[in-house]
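Heads up, the thing below is written out as structure tokens.
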Amino acid sequence: MFENPSGPWALIVHGGAKEMGPGEEDANRQGVLEALAEGRKILERGGTAVDAVEASIRKLEDLPIFNAGHGSSLNEEGEVEMCSGMMDGRDLSVGAVGAIKGVRNPVSVARAMLGEKETLIVGEGARTFARNKNLPLVNNDALITELRESELAEHDTVGAVALDKGGNIAAGTSTGGLTGAHVGRIGDSPVPGCGFYADNHVGAVAFSGDGETIQRLALAGRVMAALDRGEHPEQAVAKAVAMLPGTGGADADGGGIAISKDGRVGWAHNSPDFAVAMITSDMNEPKAWLGKKEEKNG
Ligand code: ASP
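Be aware that the sequence shown starts at 10, since it is given in this note's numbering, and climbs by one per residue.
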């Protein structure tokens, strides 16, 4: 039951900090809008932020244009290994999976982990957990697309953050990780305080980008501290991504989305592109951009 069932609500999703290949713009724009629509339906009818985040990310995982679920990047052995994290701002519960193979929707495994004492499980154990929860398993090779087999280096986690009508906040991420990474490598995406965080009393954030640098900076924690000080989500994320090159080198880039407890939303990136879609209870229509350049040009 919601205490405040008619409060403001908001949802923002992203398709990863990356450089889009030629001709990929429409699929990215369409994809983030489709993902947004899944979560929006849930929030409009009074559903929870956790449900909305999961639904939006499931859609992003199913679309091969994004590096998550079907269409994940391949590691050094040419295999898919995926990571996903979810956080429920009501009670600070975290559910995450790392280097998981052979599941259709890693975010739903992370979601199922929200009910467990453990916060993060990896590898074969994570797949066994998914099987025990009756979540759909697939042959790992079925997650590989031609696009990923042909690419050299890419990174682009997907993510979503939401505020529901009851004032509850959630965040989620999902990724195929970095192309050519060591087997078993885990980046920031399933690590709370690094790739994501959510707290009803503050707000939520989800990142994509150079996972090692995001971890070293505990980037989501920094954004949460800024939101707690009352900074606008846009400014908080912009300052956070601007720190990446200083620690990770000139190539360290990323992008993030954030929401404050009062429903303000913001996003920023220093990667070439960053597809974002958002809708709030104050907006009639959703908006989507492929990056800040496009937003600035109207
Ligand atoms: N942050 C992800 C990772 O390091 C990759 C990405 O977002 O591009 O696994």
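C-beta atoms are modelled at their ideal positions from N, C-alpha and C, and glycine is treated no differently.
Among the bridge pairs identified by DSSP, residue 178 is matched with 172.
Here the distance from the Cβ of residue 26 to the nearest heavy atom of the ligand ASP is below 7 Å. Beta-carbon to beta-carbon, residue 169 and residue 186 are separated by about 18 Å, too far to satisfy the 8 Å threshold.
Assigned with DSSP and collapsed to three states, residue 195 falls in coil, not helix or strand. DSSP places residue 147 outside both helix and strand once states are collapsed to three, so it counts as coil. Distances from the CB of residue 198 to the heavy atoms of the ligand ASP include at least one below 7 Å.
When 52, 226, 273 and 283 are compared, the shortest CA-CA separation from residue 256 is found for 226. Exclusion of residue 109 from the 7 Å shell around the ligand ASP follows from its C-beta lying no nearer than that to any non-hydrogen atom of the ligand. When beta bridges are read from the DSSP output, residue 296 appears opposite 287.
Counting C-beta atoms within 10 angstroms of its own C-beta, residue 211 has 16 or more neighbours from the protein chains shown and is therefore classed as buried. When C-alpha distances from residue 26 are compared across 191, 48, 127 and 41, the shortest belongs to 41.
For residue 59, the enclosing alpha helix (DSSP H) stretches over residues 58–71. Residue 290 sits away from residue 61, with the two beta carbons spaced by 8 Å or more. The residues 112, 113, 114, 117, 118 and 121, in chain order, have a CB closer than 8 Å to that of residue 144 in the same chain once the five nearest residues on each side in sequence are set aside.
Under the three-state reduction of DSSP output, residue 29 falls in the coil class, being neither helix nor strand.
When the Cα atoms are used, residue 137 and residue 110 turn out to be separated by approximately 10 Å. When rounded, the separation of the alpha-carbon atoms in residue 135 and residue 107 is 8 Å. Distance from residue 253 to residue 265 at the Cβ level is roughly 10 Å; contact not present, criterion being Cβ atoms closer than 8 Å. Residue 200 counts as buried, since no fewer than 16 other beta carbons sit within 10 angstroms of its beta carbon. With respect to the 8 Å criterion, residue 123 and residue 102 are classified as neighbours on the basis of their beta carbons. The stretch 146–155 and the stretch 73–86 touch, with no fewer than 3 CB-CB distances between them shorter than 8 Å. Counting along the chain, no beta strand (DSSP E) covers residue 307, and no H or E run does either.
Distance from the C-beta of residue 51 to the nearest heavy atom of the ligand ASP is not below 7 Å.
Annotated as proximal: residue 166 and residue 77, with beta-carbon spacing under 8 Å.
In this structure, the CA atom of residue 233 is about 18 Å from the CA atom of residue 104.
Beyond the five residues adjoining it in sequence on each side, residue 140 comes within less than 7 Å, by CB distance, of 146 in the same chain, given in chain order.
Taking residue 59 as the centre and dropping the five residues before and after it, the same chain places the C-beta of 97 and 179 closer than 6 Å to its C-beta, in chain order.
For residue 19, the three-state secondary structure derived from DSSP is strand. Beta-bridge partners of residue 216 (DSSP): 265. Looking at the DSSP output, residue 242 bridges to nothing. Relative to the non-hydrogen atoms of the ligand ASP, the Cβ of residue 71 never comes closer than 7 Å to any of them.
CA-CA distance, residue 260 to residue 125, rounds to 37 Å.
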